[in-house]
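Residue numbers (UniProt numbering): 1 to 292.
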């Protein structure tokens, strides 16, 4: 019990003794962990978006302008009997024009330039497995009455590739900040150990174990890491509250909702990463220092 009280008191004294370096360590750790948490949320968000949008993917089979009723009926019957197809919706020229006017309502000049009947009729096909587009494309591209086949997945893949690059950039930035935090933790522990070098020497002379000597310094780093993780978590909460659910809400309509459960999931992740990394860095630093 007395040893535990001694260790805890030494932790508080150590944090206050090097208060400026402690604050710098906490801030650096908080920024690093916040970026780690943000990249984790982005990873979950991209996966959620993939599941949602890939489930909504359609293959558009556009028909020739001079397609006959027989050709249209044949294509419709073949699609509805195809085992790869989950749903088929016919879209006439009139329907296509109405959707076009709705989609580009903010560009009246463009809408006026496109006359009814100019847009091709099509079949909107939802596949049971979106990955099977190539089989559908090979099967129907040369069918009489078919002009072209467009797969939405190609566009979505490009978007998700961009999002994946943003994920990697955020993770790279978090890694760079983590390295800076590790160096700062190591430097802070060295300074703290140097300022208490006489006490450490006396403790070693009286037979104190390395664990007992190292414990206060390691706990200092862990406490700083935990405080940094709490600050980082608060930053994520404020980001969701004021940005995603606030001022940027209209700009994120294409995103699937980010749940509070995902945000809360980042707290143990960041706390564990901050505490573990700080503890290991402090322990390794002291191992080298105590050998001197």
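Glycine residues also receive a C-beta, built at the ideal position from the N, C-alpha and C atoms. None of the values given here were measured: they were computed from a predicted structure.
Quick one: what's got a C-beta closer than 6 Å to residue 97's C-beta in the same chain, skipping five residues either side?
-> Sequence index remark: in the chain shown, residue 97 carries index 97 (1-based). Once the five neighbours on either side are set aside, the close Cβ partners of residue 97 are 116 and 119.
According to the neighbour-count rule (16 or more other Cβ atoms, all chains shown, within 10 Å of its Cβ), is residue 263 buried or exposed?
-> Translated into the one-based positions of the chain shown, residue 263 becomes position 263. That one is buried.
Can you give the beta carbon distance from residue 122 to residue 84, rounded, assuming they're within the 8 Å contact cut?
-> Numbered from 1 along the chain shown, position 122 holds the residue referred to as residue 122. Numbered from 1 along the chain shown, position 84 holds the residue referred to as residue 84. Not really, about 18 Å apart at Cβ, beyond 8 Å.
Taking 8 Å as the cut-off, decide whether the C-beta atoms of residue 39 and residue 174 are in contact.
-> Residue numbering aside, residue 39 sits at position 39 when the chain shown is read from its first letter. Residue numbering aside, residue 174 sits at position 174 when the chain shown is read from its first letter. Cβ distance < 8 Å, so residue 39 and residue 174 count as in contact.
To the nearest angstrom, report how far apart residue 7 and residue 280 are at their CA atoms.
-> The residue you call residue 7 lines up with position 7 of the chain shown. The residue you call residue 280 lines up with position 280 of the chain shown. Caution applies to residue 7, whose pLDDT of 49 falls short of 50 and renders its modelled position unreliable; the model cannot decide the point.
Drop a sphere of 10 angstroms on the beta-carbon of residue 292, count the other beta-carbons inside from all chains shown, and report buried for 16 or more, exposed for fewer.
-> Taking the chain shown and counting its residues from 1, one reaches residue 292 at position 292. Residue placement at residue 292 cannot be trusted, given a pLDDT of 42 that sits under 50; what the coordinates show is reported in the next sentence. Looking at its Cβ environment, which holds fewer than 16 other Cβ atoms inside 10 Å, residue 292 is exposed.
Quick one: what does DSSP say residue 70 is sitting in, helix, strand or coil?
-> In the chain shown, residue 70 corresponds to position 70, counting from 1. It is helical.
What are the start and end residues of the beta strand (DSSP E) that includes residue 123?
-> Taking the chain shown and counting its residues from 1, one reaches residue 123 at position 123. Looking at the DSSP string, the run of the beta strand (DSSP E) that includes residue 123 is 122 to 127.
State the start and end residues of the unbroken beta strand (DSSP E) segment that holds residue 149.
-> One-based indexing of the chain shown puts residue 149 at position 149. Its beta strand (DSSP E) spans residues 146 to 151.
Segment contact, 8 Å Cβ cut-off, at least three pairs: the segment 99 to 115 with the segment 157 to 171 | no
Assign residue 98 to one of three DSSP states: helix, strand, or coil.
-> The count along the chain shown starts at 1 and reaches residue 98 at position 98. Here residue 98 sits in helix by DSSP.
Pair within 8 Å by beta-carbon distance, residue 90 and residue 69 | Mapped onto the chain shown, residue 90 falls at position 90. Mapped onto the chain shown, residue 69 falls at position 69. Not a contact, by the Cβ cut-off of 8 Å.
Proximity below 8 Å, CB of residue 151 to CB of residue 19 | In the chain shown, counting from the first residue as 1, residue 151 sits at position 151. In the chain shown, counting from the first residue as 1, residue 19 sits at position 19. Cβ atoms of residue 151 and residue 19: not closer than 8 Å.
Would you identify the three-state DSSP class for residue 63, choosing helix, strand or coil?
-> Locating residue 63 in the chain shown gives position 63, where the first residue counts as 1. Three-state result, residue 63: strand.
Write down the C-beta distance between residue 33 and residue 232 rounded to the nearest angstrom, noting that I regard them as a contact closer than 8 Å.
-> In the chain shown, the residue the question calls residue 33 occupies position 33. In the chain shown, the residue the question calls residue 232 occupies position 232. With a Cβ gap of about 4 Å, residue 33 and residue 232 count as contacting.
Which word fits residue 92, buried or exposed, when buried means at least 16 other C-beta atoms lie within 10 angstroms of its C-beta?
-> Your numbering for residue 92 matches position 92 in the chain shown. By the 10 Å Cβ count, residue 92 comes out exposed.
Spell out whether any CB of chain B is found under 8 Å from the CB atom of residue 235.
-> Of the chains in the structure shown, none is chain B; there is only one protein chain.
Proximity winner among 283, 217 and 139, relative to residue 82 (alpha-carbon distances) | Residue mapping note: residue 82 aligns to position 82 of the chain shown, counting from 1. Ranking 283, 217 and 139 by Cα distance to residue 82 puts 139 first.
By DSSP, does residue 90 sit in helix, in strand, or in coil?
-> Counted from its first residue, the chain shown places residue 90 at position 90. Three-state result, residue 90: strand.
Just mark residue 25 as buried or exposed, buried being the case when its beta carbon has 16 or more other beta carbons within 10 Å.
-> In the chain shown, the residue the question calls residue 25 occupies position 25. Buried, since its Cβ has 16 or more Cβ neighbours within 10 Å.
DSSP three-state assignment for residue 284, whether helix, strand or coil = Walking along the chain shown from the start, residue 284 turns up at place 284. In this structure, residue 284 counts as helix in the three-state DSSP scheme.
Supposed contact pair residue 29 and residue 181 - C-beta distance, whole angstroms, cut 8 Å = Indexing the chain shown from 1 puts residue 181 at position 181. Indexing the chain shown from 1 puts residue 29 at position 29. Residue 181 to residue 29, Cβ: 5 Å. Contact.
Through-space distance from residue 44 to residue 134, alpha-carbon basis = Walking along the chain shown from the start, residue 134 turns up at place 134. Walking along the chain shown from the start, residue 44 turns up at place 44. Residue 134 and residue 44: Cα-Cα distance of roughly 28 Å.
Given a threshold of 16 other Cβ atoms within 10 Å of its Cβ, counted over all protein chains shown, does residue 166 qualify as buried or as exposed?
-> Position 166 of the chain shown, counting from 1, holds the residue named residue 166. By the 10 Å Cβ count, residue 166 comes out exposed.
CB-CB under 6 Å to residue 71, same chain, minus the five flanking residues each way: which ones, in chain order?
-> Here residue 71 is taken as the residue at index 71 of the chain shown, counted from 1. Closer than 6 Å at Cβ, skipping near neighbours: 144 and 145.
Outcome for residue 261 when other beta-carbon atoms lying within 10 angstroms are tallied against a minimum of 16 | Indexing the chain shown from 1 puts residue 261 at position 261. Exposed, because fewer than 16 other Cβ atoms sit within 10 Å of the Cβ of residue 261.
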